[in-house]
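A.B. asks:
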Amino acid sequence: MFLTVTLALLEGFLATLRLFVLTLLFALPLGLVISFGSMSKIQAIRLPIRFIIWVVRGTPLMLQLLVIYYGPGIILHTNVWGSGNGGRFIAALVAFVINYSCYFSEIYRGGIQSIPVGQYEAGQVLGMTKHQIFFKIVLLQVIKRIVPPISNEIITLVKDTSLARVIAVYEIIWEGQAFIKSAGIIWPLFYTGAFYLIFSGLLTVIFGKIEERLSYFR
Amino acid sequence: MSILEVSNLKKNFGSTRVLEGISFSMDEGEVLTIIGSSGSGKTTLLRCLNFLETPDSGVIKVKDDVLFDGSEQIRASEEEIRKKRLHFGLVFQSFNLFPQYTALQNVTLAPLLHFGDDPGKKAEIEKHAEELLGQMGLFDRMDNYPHELSGGQQQRVAIARALALKPDILCFDEPTSALDPELTGEVLKVIRNLAEKKTTMIIVTHEMSFAHDVSDKVIFMASGLIEESGTPEEVIDSPKNERTQQFLANYRKER
Ligand SMILES: Nc1ncnc2c1ncn2[C@@H]1O[C@H](COP(=O)(O)OP(=O)(O)OP(=O)(O)O)[C@@H](O)[C@H]1O
Ligand SMILES: [Mg+2]
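These protein sequence lines are chains A and B, in that order. My numbering applies: residue 127 is where the first sequence begins, and numbers increase by one. My numbering applies: residue 437 is where the second sequence begins, and numbers increase by one.
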């Protein structure tokens, strides 16, 4: 039994992991683009983007998942997500990327705006180009400031992936819960908890290391 | 021949008129000190010289090279401005060192980016930076990060950083105002040394006795205008202008 459960949970964990990795892969860079948009001098760019961020951060991810999965089908009368497990996974991924890129964008914005103008001006006075100022002076300082909030957000994402089950993406908790019905046992659910703990524990250690690496300056 | 000539420089921020027509000139190797009460436009003047602000009108000439002419229609490109501003260096009130670089790296960063492509040049830049930090009395502090240095040490690194690009004119905006009183001396001392070596400098300061000792020429600014200028003896010891007298009287009262 233990082996069967382990195998089933591993399969679920693979879906969880895939959702996690792909969300980060797309949302981390997309967040940067959105943050530049939200700081744009052009109102026609800045205001709509701020509005979208406000909506995405102000509503539950669960709701966004449902709307993104069912919305297109009901409004456009076509299934844009494709059929079966694959389709549901893509819909979940899109919802997660939108949600997380908005959260990341606000962290990036906070980080970039927290760099004092004096840093830019010192670079300018030394004849550096905008490009050099960003990459040689500002970037590392921004990274140092955003590592703690980004790592919090990423650890939240580990747990948020479980929401994907609301549109029947077979992630790990779904697999664990299945045993309640099929075998009348509860311990697989606790077992899924162990997966989460180990995974988020691992991430905590990694982010701790990164923070340590950046602690040589203030 | 004058190294710097500023004529009728004007600058507004929206409806606030900050510089209302500033004209002065200075010779190579001279030290010019600017005094004046808060809000008189001293910082804005230095920022215009360093192209951190664009004046609305007026002319800035360095060695007869016109760097800025407000009557020209075409604005200089970013690339041109970068070349032009290298005639000037600026030391900020709040140092603005780059925290992720050591003292030495702060000094070499810009020169290496500008000229460090060939290896011979690189060694030369590093040697020059070490010499400059040595002159600033920071020989044993070169590998420290800014947060490991006192304010006075940080400001001296900032001075070395500005000197590393060999500007024609080095500007200081209240270089000791952010420092604890016991640390101002060490910074003023290195500026004095630079003056002895005939470094051309423009210094905005509230340290009157320092201004008196170090300057060849003193300018008193009030509400965006030069009210009085002359030798330190003329302006600080026996000012003729009423506003200068009042400013200095207030200054002495505060002491
Ligand atoms: N970016 C800006 N936008 C609007 N107003 C500004 C700006 N920078 C400066 N000012 C205004 O210009 C005036 C002159 O400022 P400036 O900083 O040049 O004075 P200062 O002589 O250096 O004063 P202090 O001795 O306090 O440093 C002030 O009234 C200030 O409020
Ligand atoms: Mg000022």
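We put the CB at the ideal spot given by N, CA and C, even for glycine. This one's a predicted model, so the numbers in the text were calculated from it and none came from an experiment.
Relative to the alpha-carbon of Arg518(B), which residue among Met254(A), Ala221(A) and Ile298(A) has its alpha-carbon at the smallest distance?
C.D. replies: Met254(A)
A.B. asks: Which one or two residues does DSSP pair with Ala658(B) in a beta bridge?
C.D. replies: Leu661(B)
A.B. asks: Just to confirm before moving on: does the CB-CB distance between Val647(B) and Thr480(B) stay below 8 Å?
C.D. replies: The residue asked about is misnamed: residue 647(B) is Ala in this sequence, not Val. Not closer than 8 Å, so no.
A.B. asks: Would you call the stretch 555 to 570 of chain B in contact with the stretch 612 to 625 of chain B, where contact means no fewer than 3 C-beta pairs closer than 8 Å?
C.D. replies: no
A.B. asks: Which of the three DSSP states is assigned to Asn677(B) in this structure?
C.D. replies: coil
A.B. asks: Return the residues of the stretch 284 to 302 of chain A that lie within a Cβ-Cβ distance of less than 9 Å from chain B, sorted by chain order.
C.D. replies: none
A.B. asks: Please report how far the alpha carbon of Leu187(A) lies from the alpha carbon of Asn225(A), in whole angstroms.
C.D. replies: If you take the alpha carbons of Leu187(A) and Asn225(A), they lie about 7 Å apart.
A.B. asks: For Leu156(A), which residues of its own chain have a beta-carbon under 6 Å away from its beta-carbon, when the five flanking residues on both sides are left out?
C.D. replies: Ser227
A.B. asks: If distances are taken between C-alpha atoms only, which option among Phe128(A), Lys262(A) and Glu279(A) comes closest to His550(B)?
C.D. replies: Lys262(A)
A.B. asks: Please tell me whether Leu522(B) has its Cβ less than 8 Å away from any Cβ of chain A.
C.D. replies: yes
A.B. asks: Would you verify that the beta carbon of Met127(A) is, or is not, closer than 8 Å to some beta carbon of chain B?
C.D. replies: no
A.B. asks: Taking 7 Å as the line, does the beta carbon of Lys447(B) fall inside it for any heavy atom of ligand 4?
C.D. replies: This structure lacks ligand 4; its bound ligands are ligand 1 and ligand 2.
A.B. asks: Please report the straight-line C-alpha distance between Ile471(B) and Ile595(B), rounded to a whole angstrom.
C.D. replies: 20 Å
A.B. asks: How would you write the range of the alpha helix (DSSP H) that Leu158(A) sits in, first residue to last?
C.D. replies: Phe128 to Ser164
A.B. asks: Can you tell me whether Lys478(B) sits near ligand 1, meaning its C-beta is under 7 Å from at least one heavy atom of the ligand?
C.D. replies: yes
A.B. asks: Run the CB neighbour count on Met572(B), radius 10 Å, all protein chains shown included, and call it buried at 16 or more, exposed below.
C.D. replies: buried
A.B. asks: With a threshold of 8 Å between beta carbons, is Lys167(A) in contact with chain B?
C.D. replies: no
A.B. asks: With DSSP as the reference, label Phe305(A) as helix, strand or coil.
C.D. replies: helix
A.B. asks: Please list, in chain order, the residues of the stretch 478 to 496 of chain B that have any C-beta partner in chain A closer than 9 Å.
C.D. replies: So the list reads Arg483, Asn486, Phe487 and Leu488, given in the order they occur along the chain.
A.B. asks: Measure the CB-CB distance between Ile605(B) and Leu440(B) and report whether it falls below 8 Å.
C.D. replies: yes
A.B. asks: Can you tell me whether Ile293(A) is buried or exposed, with buried defined as 16 or more other CB within 10 angstroms of its CB?
C.D. replies: Label assigned to Ile293(A): buried.
A.B. asks: Please confirm whether Arg518(B) has its beta-carbon closer than 8 Å to some beta-carbon of chain A.
C.D. replies: yes
A.B. asks: Could you check the C-alpha separation between Tyr196(A) and Ile332(A) for me, to the nearest Å?
C.D. replies: Distance between the alpha carbons of Tyr196(A) and Ile332(A): 37 Å.
A.B. asks: Considering only heavy atoms of ligand 2, does any lie closer than 7 Å to the CB of Glu489(B)?
C.D. replies: Not under cutoff, so the answer is no.
A.B. asks: What span of residues does the beta strand (DSSP E) with Thr282(A) cover, start to end?
C.D. replies: Segment Leu265 to Asp286 is the alpha helix (DSSP H) holding Thr282(A); no beta strand (DSSP E) there.
A.B. asks: Consult DSSP for Lys557(B) and reduce its assignment to one of helix, strand or coil.
C.D. replies: Three-state result, Lys557(B): helix.
A.B. asks: At the level of alpha carbons, what is the spacing between Pro675(B) and Ala658(B)?
C.D. replies: 14 Å
A.B. asks: Using a C-beta to C-beta distance shorter than 8 Å, which residues of chain A count as neighbours of Pro535(B)?
C.D. replies: Gln267, Phe343 and Arg344
A.B. asks: So which residues of chain A does Phe528(B) contact, with C-beta pairs closer than 8 Å?
C.D. replies: Gly244, Glu247 and Ala248
A.B. asks: Could you tell me whether any Cβ in chain B is nearer than 8 Å to the Cβ of Ile324(A)?
C.D. replies: Closer than 8 Å: no.
A.B. asks: Where DSSP assigns a beta bridge to Met637(B), which residues make up the other side?
C.D. replies: Val467(B) and Leu606(B)
A.B. asks: With a 10 Å radius around its C-beta and 16 neighbouring C-beta atoms as the bar for buried, classify Met637(B) as buried or exposed.
C.D. replies: buried
A.B. asks: Could you give the distance in angstroms between the alpha-carbon of Val640(B) and the alpha-carbon of Val243(A)?
C.D. replies: 20 Å
A.B. asks: For chain B, check one thing: does any of its Cβ atoms lie closer than 8 Å to the Cβ of Lys262(A)?
C.D. replies: Contact of Lys262(A) with chain B is assigned, a C-beta pair being separated by under 8 Å.
A.B. asks: Does the beta-carbon distance from Ile276(A) to Phe222(A) come in below 8 Å?
C.D. replies: With respect to Phe222(A), Ile276(A) sits apart: the two C-beta atoms are not nearer than 8 Å.
A.B. asks: For Leu601(B), which residues in chain A fall below 8 Å Cβ to Cβ?
C.D. replies: Leu252 and Gly253
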